[in-house]
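Undergrad: The structure under discussion is supplied below as structure tokens; questions concerning it will follow.
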Amino acid sequence: MAVSFHVRSNSFPSRQHPQAAHVDDQLIRLRSSETASSSSICQRLSNLQDLHDSLEKLLRLPITHQALSQDQIEKLLDGSLRILDLCNVAKDSLSQMNEGLKEIQSILRTKRGDLSAEVKKYLASRKFLKKSFQKELKSLKTCQNKDNTDESLVVFGEAEAITVALFESLFSFMSGSKACGKWSLVSKLMSQSKATCEAEANEFTRVDFEFQSEKSLKMEDVQILESCIQDLEDGIESLSKSLIKYRVSLLNI
């Protein structure tokens, strides 16, 4: 069902504004893209950037100024700040992993340094980050139970919910499959587990498997993961910039 931008106000026209209709169309497209892969997540980050650019334009309309109360603006500011915090958590985590991968690639290229120690350091960092992702996911679910259902905020509220859902997918994607995360233990009992997990593995878990085994390390997979991380960092950075512009327009109302 399409989302409409309405308020309980006689001054607000019953006919939907073209900019609000455009936002509705963007929300519909975003709701239909739920797959979790590096390419799909990057595309959704790009689509979310476009969505927040459109919301920012909607906020600049005089008609929107008349529709939103001070309390409602405060709620939108709080929501956008929460999403910016998620952006920072994701960017910091990706940056940390990328630094570890660069160190490992440097050792592989120059044949200098303790590769085993650097791999263990990377895996320890991954273990810590996975715990922080689980903490963030738990926090996101708690916040979702408090979603605002104010009719006048329905468009903005759904945009926030879809953005939060994207970060849920992102953190889960970066953590990897829970079943495959325990592959090193299970594989000792069932050789089929390795094949199953490798088939389901994404860029992050594939490199985790190789680092854990230490015998199947493929430079190509490390480079693919590094490229994946760079794409995600770029997408999150662009979304952050759009969110900041969106917040500025809120503050200007």
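Just so you know, we're using the UniProt record's numbering here: the sequence shown kicks off at 1 and counts up by one.
No residue lacks a Cβ here, since even glycine has one placed at the ideal position from N, Cα and C.
All values reported here derive from a predicted model rather than from experimental measurement.
Contact defined as beta carbons within less than 8 Å: I believe L250 pairs with I73. What is the distance between those atoms, to the nearest angstrom?
TA: Confirmed, Cβ separation roughly 6 Å.
Undergrad: Roughly how far, in whole angstroms, is the beta-carbon of L61 from the beta-carbon of H22, given that I think they are within contact range, below 8 Å?
TA: Not really, about 12 Å apart at Cβ, beyond 8 Å.
Undergrad: Quick test of the definition: if touching needs 3 or more C-beta pairs under 8 Å, does the region 221 to 240 touch the region 42 to 59?
TA: Cβ pair count under 8 Å is three or more, so yes.
Undergrad: Using a 10 Å radius around the Cβ and a threshold of 16 neighbouring Cβ atoms, would you call R247 buried or exposed?
TA: So R247 counts as buried.
Undergrad: Count the other CB atoms within 10 Å of the CB of S93; is the residue buried (16 or more) or exposed (fewer)?
TA: Buried, since its Cβ has 16 or more Cβ neighbours within 10 Å.
Undergrad: For the region 36 to 89, list the alpha helix (DSSP H) runs that are entirely contained and at least 4 residues long, ordered along the chain.
TA: Complete alpha helix (DSSP H) runs here, min 4: 38 to 59, 62 to 67.
Undergrad: Pull up the distance between the alpha-carbon of L55 and that of L225, whole angstroms please.
TA: Each residue's alpha carbon lies about 33 Å from the other.
Undergrad: Alpha helix (DSSP H) containing H17: first to last residue?
TA: Neither: H17 is in no alpha helix (DSSP H) and is coded neither H nor E.
Undergrad: Should H130 be labelled buried (16 or more other beta-carbon atoms within 10 Å of its own) or exposed?
TA: According to the sequence shown, residue 130 is Lys rather than His. The residue is buried, with at least 16 neighbouring Cβ atoms inside 10 Å.
Undergrad: To the nearest angstrom, how far is it from the Cα of L68 to the Cα of L170?
TA: Cα-Cα distance, rounded: 32 Å.
Undergrad: Under a Cβ-count criterion, where at least 16 other Cβ atoms within 10 Å of its own Cβ denotes burial, should L58 be classed as buried or exposed?
TA: By the neighbour-count rule (16 or more Cβ atoms within 10 Å), L58 is buried.
Undergrad: Can you tell me whether Q26 is buried or exposed, with buried defined as 16 or more other CB within 10 angstroms of its CB?
TA: So Q26 counts as buried.
Undergrad: Under a three-way DSSP split, which group does G176 fall into?
TA: Three-state DSSP puts G176 in coil, outside helix and strand.
Undergrad: My assumption, with CB atoms under 8 Å, is that L140 sits in contact with F167. Please give the rounded CB distance.
TA: The pair is a contact, with the Cβ atoms about 7 Å apart (cut-off 8 Å).
Undergrad: Nearest CA to the CA of K102: which residue from V164, R29, L81, Q230?
TA: For the residues V164, R29, L81, Q230, the minimum Cα distance to K102 belongs to Q230.
Undergrad: Please report the distance separating the alpha-carbon of S216 from that of V207.
TA: If I take the Cα positions, the gap works out to 10 Å.
Undergrad: If I measure Cβ to Cβ from V222 and keep anything under 7 Å in the same chain, skipping five residues before and after, which residues do I get?
TA: Excluding positions up to five away in sequence, the list reads L101, I104, Q105, V207.
Undergrad: Please list the terminal residues of the continuous alpha helix (DSSP H) segment that includes I244.
TA: That run of the alpha helix (DSSP H) goes 219 to 252.
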